[in-house]
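Mapping of the sequence shown onto this note's numbering: residues 113 to 244, in sequence order.
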Amino acid sequence: SSTTNNSPNRADLKIWQQNLRKSQGAWEHLLRNLDPDLYDIACIQEPYLNPVKFANASNLGRYWDVIYPTNHHASPDRTQTIILINKRLSKTKWRAINVNSPNIMAIELSGLFGRVRIYNVHNPCDHDNVLH
């Protein structure tokens, strides 16, 4: 139903996580299948970014707020993570947490479930420097 995510009695979050390997086809598949009536958040690693380094699609902004890493605008070629937040989640109930890394993002949400932080981490297979 269209009120699922707005329900004041709802105490859970539904999260979609996927590594897109920078594939436009994978991005389009995700957008076709990421049902805004089912999911609250999508944590994406290696997102497909258009030539001007943004994640976009004709219907993306209708249902989702796109959150980029703290320094995305300074170094968009290095962005390895994005978070999509369902627009039905009140902006007064979540905030982005500054993390100085193109590989790590975080948000903090509050609600009936309490307060929770969600970290979206891209950990490349060729090194372990992400958390150092």
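From the three backbone atoms N, C-alpha and C, an ideal C-beta is built for every residue, glycine too.
Spatially closest choice to Ile179 from Pro163, Ser202, Val164 and Cys155, by CA coordinates: Taking Ile179 as reference, the option from Pro163, Ser202, Val164 and Cys155 with the minimal CA-CA separation is Cys155.
Taking C-beta to C-beta, are Asp152 and Leu125 nearer than 8 Å? The answer is yes: Cβ separation under 8 Å.
Tell me the residue span of the alpha helix (DSSP H) that contains Glu140. Glu140 -> alpha helix (DSSP H) spans Gln136 to Asn145.
Measuring straight from C-alpha to C-alpha, what distance separates Tyr175 and Asn168? When rounded, the distance between both Cα atoms is 12 Å.
For the beta strand (DSSP E) holding Tyr231, just list the boundary residues, first then last. Start and end: Gly226 to Val233.
Thr204 burial status per 10 Å Cβ neighbour count (16 or more: buried): Exposed, since its Cβ has fewer than 16 Cβ neighbours within 10 Å.
So, under 8 Å CB-CB, Ile195 and Asn232 are touching, yes? Tell me the CB distance rounded to an integer number of Å. Confirmed, Cβ separation roughly 5 Å.
Output needed for Gln192: all residues of its chain with C-beta closer than 7 Å, excluding positions within five of it in sequence on either side, in chain order. Excluding positions up to five away in sequence, the list reads Gln157, Glu158, Pro214, Asn215 and His234.
Leaving out five residues before and five after Trp128 in sequence, what residues of the same chain have Cβ atoms less than 7 Å from its Cβ? Correct list, in chain order: Leu146, Tyr151 and Ala154.
Length of the line joining the Cα atoms of Arg200 and Trp206: Rounded to whole angstroms, the gap between the alpha carbons of Arg200 and Trp206 is 11 Å.
Taking the straight line between their C-alpha atoms, what separation do you get for Pro163 and Gln136? Rounded to the nearest angstrom, the two C-alpha atoms are 11 Å apart.
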